[in-house]
Amino acid sequence: MTLSSSSSLLFPILLLLLLLPSLLLSPVTSSERSVLVTTCSGSNYTSSSSYASSLNRLLTGISMSVSQSPSLFATSISDDGSPIFALAQCRPDSTAQQCNICLQDSITTSTNSSSQGCPLRRSAALRYDYCLIRYSDQTFFGSAIDDERWSILVNTEMVSNPAEFRKRATALMSDVAAKAAAAVARFAVNESISGAPEEFIYGMAWCTMNLPSEACLLCFKQGIEALQFEQIGGQVDGIDCVLRFENLRFYERMTPRPPASEPGSNLQRNAFAAAHGGPASDLSVAPGVPAATLAAARGSGSHVRA
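Going left to right, the sequence shown walks through residues -30 to -1, 1 to 276 as mature numbering (1 follows the signal peptide of the UniProt record, and there is no 0) numbers them.
If you want it as structure tokens, here you go:
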């Protein structure tokens, strides 16, 4: 009996020992379905108001559109003279499934009564690992968010050579920040492969595509100052930008997907006008607007690798 009992315990123990190294080396990250940053502002609206029904209609349209054209979606809607401006974007290396799930989560959370949502508030912005959603009754396209709030995540494992690691990590993150700010997709990755495998560094910078390069650079600069380089991984998340480094690769190589609609359509021109302060149009369900339209013909989203 003793031998039989010991044998029955042997397999799970061996399995745990085999899995333990990978568990210890897993990149630090919040749950992919957890809110990283929430910002609520503006006055309140009532659940029975036209603003509530317009917002619901607009958020439904965003979910459908960004899943088809994940680079960027920006639009406005106006019922009874009450405009709502909205923007959504999925991380350029995300899959269609990751994008869709993230958007559904963000839309649900944005209007619910949890501590992470903005129930009955006219302006809200939520950042997740794979997407961002923002809406307001005031136009914000092309403008950085006021008083950026940062979510800071760190890996608990310390590096063996802090001074050298900090030097490499700072240089890497400065490099990806500059590349991301200049890239069409406002997204870049790079890596520093040197020393022991546990001190490899993989870095990512991502800024919202509606912002000009200068605003992204400023956001990245503030984010780098908030990063902690004494551990093997770290992440800072704001509404406008994200910076992250790990000792394991956490991003995916991808091929840009084509936009859902042809450039130059009326709905795209309406969204472009809204993005640049023009009159709001009644766009109940507008197609995904490619970056070329919203960013003065800068092209569609792409993955940038140094």
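Every residue gets a Cβ at the ideal spot worked out from N, C-alpha and C, and that includes glycine.
The structure displayed is predicted, hence computed values, not measured ones.
### Query
F193 lies in the alpha helix (DSSP H); which residues open and close that run?
On the sequence shown, position 223 is the one that residue 193 refers to. With the sequence shown as reference, residue 193 is identified as Gly, and Phe is not the correct amino acid for it. Boundaries of the alpha helix (DSSP H) around G193: 183 to 196.
#### Entry: Residue range of the alpha helix (DSSP H) that includes C72
The residue given as residue 72 occupies position 102 in the sequence shown. Start and end: 66 to 81.
### Message
Cutting at 7 angstroms between CB atoms, please list the residues of its own chain near A266, excluding the five before and the five after it.
### Response
As a first step, residue 266 is located in the sequence shown; it is residue number 296 there, counting from the start. At A266 the pLDDT is 22, less than 50, meaning the model places this residue with poor confidence; the figure from the coordinates comes in the next sentence. Excluding sequence neighbours, A266 sits near nothing in its chain.
### Query
Counting pairs of beta carbons, one from the stretch 147 to 154 and one from the stretch 117 to 125, are three or more of them closer than 8 angstroms?
The stretch 147 to 154 and the stretch 117 to 125 do not touch, with fewer than 3 CB-CB distances between them shorter than 8 angstroms.
#### Entry: Beta carbon of T8 nearer than 8 angstroms to that of C101
Position 38 of the sequence shown holds residue 8. Position 131 of the sequence shown holds residue 101. Contact annotation: T8 and C101 have beta-carbon atoms that are not nearer than 8 angstroms.
#### Entry: C-beta atoms of I54 and L96 nearer than 8 angstroms
Counting from one through the sequence shown, the residue named residue 54 turns up at place 84. Counting from one through the sequence shown, the residue named residue 96 turns up at place 126. Cβ atoms of I54 and L96: not closer than 8 angstroms.
### Query
Leaving out five residues before and five after S80 in sequence, what residues of the same chain have Cβ atoms less than 7 angstroms from its Cβ?
As a position in the sequence shown, residue 80 is number 110, starting the count at 1. Short of 7 angstroms from the beta carbon of S80, and not among the five residues preceding or following it, lie these beta carbons of its own chain, in chain order: G87, C88, A94, L96, I103.
### Query
Y100 by DSSP, collapsed to three states: which one?
As a working note, residue 100 is residue 130 in the sequence shown. DSSP places Y100 in coil when its eight states are reduced to three.
### Task
With DSSP as the reference, label S(-9) as helix, strand or coil.
Taking the sequence shown and counting its residues from 1, the one referred to as residue -9 is at position 22. The predicted model places S(-9) with a pLDDT of 34, which falls under 50 and marks its position as unreliable, so this point remains unresolved.
### Message
Rounding to the nearest angstrom, what Cα-Cα distance links A175 and D145 in this structure?
### Response
In the sequence shown, counting from the first residue as 1, residue 175 sits at position 205. In the sequence shown, counting from the first residue as 1, residue 145 sits at position 175. Their Cα atoms are separated by approximately 9 angstroms.
### Boundaries of the alpha helix (DSSP H) in which S130 is found, first to last residue
Your numbering for residue 130 matches position 160 in the sequence shown. Membership of S130 in any alpha helix (DSSP H) is not indicated, and neither H nor E is assigned to it by DSSP.
### Query
Is L42 helix, strand or coil when you go by DSSP?
What you label residue 42 is simply residue 72 of the sequence shown in a count that begins at 1. Looking at L42 - three-state DSSP - the assignment turns out to be coil, as it is neither helix nor strand.
### Task
Note down, in chain order, each residue of its chain lying with its Cβ closer than 6 angstroms to the Cβ of Y172, except the 5 sequence neighbours on either side.
Numbered from 1 along the sequence shown, position 202 holds the residue referred to as residue 172. Excluding residues within five positions, the ones whose Cβ falls inside 6 angstroms are E161, E216, R219.
### Query
Is M143 helix, strand or coil by DSSP?
Reading the sequence shown from its first residue, position 173 is the one you call residue 143. In the structure shown, M143 sits in a helix (DSSP, three-state: H, G or I).
### Message
Please tell me whether L218 has its Cβ less than 8 angstroms away from any Cβ of chain C.
### Response
Among the protein chains of the structure shown there is no chain C, as only one such chain exists.
### Task
Flag this pair as touching only if the stretch 15 to 24 and the stretch 124 to 134 have three or more C-beta atom pairs under 8 angstroms; answer yes or no.
They do not touch, by the three-pair rule.
### Query
If we count Cβ pairs, one from each stretch, closer than 8 angstroms, do we get three or more for the stretch 64 to 72 versus the stretch 180 to 191?
No, the stretch 64 to 72 is not in contact with the stretch 180 to 191.
### Query
Where do the N-terminal and C-terminal ends of the beta strand (DSSP E) with R214 fall, by residue?
Working through the sequence shown from its first residue, we reach residue 214 at position 244. Unbroken beta strand (DSSP E) run through R214: 211 to 216.
### Task
Give the secondary structure of M179 by DSSP, where H, G and I count as helix, E and B as strand, and everything else as coil.
Here residue 179 refers to the residue found at position 209 when the sequence shown is read from its first residue. In this structure, M179 counts as coil in the three-state DSSP scheme.
### Query
Between S(-5) and A147, what straight-line distance do the alpha-carbon atoms span, to the nearest angstrom?
Translated into the one-based positions of the sequence shown, residue -5 becomes position 26. Translated into the one-based positions of the sequence shown, residue 147 becomes position 177. For S(-5), the predicted structure reports a pLDDT of 36, less than 50, and the residue's modelled location is therefore unreliable. The matter cannot be settled from this model.
### Query
Can you tell me whether DSSP reads R219 as helix, strand or coil?
As a working note, residue 219 is residue 249 in the sequence shown. The answer is coil: DSSP assigns R219 none of H, G, I, E or B.
#### Entry: Alpha carbon of A114 to alpha carbon of I163, nearest angstrom
In the sequence shown, counting from the first residue as 1, residue 114 sits at position 144. In the sequence shown, counting from the first residue as 1, residue 163 sits at position 193. The alpha-carbon atoms of A114 and I163 are separated by roughly 34 angstroms.
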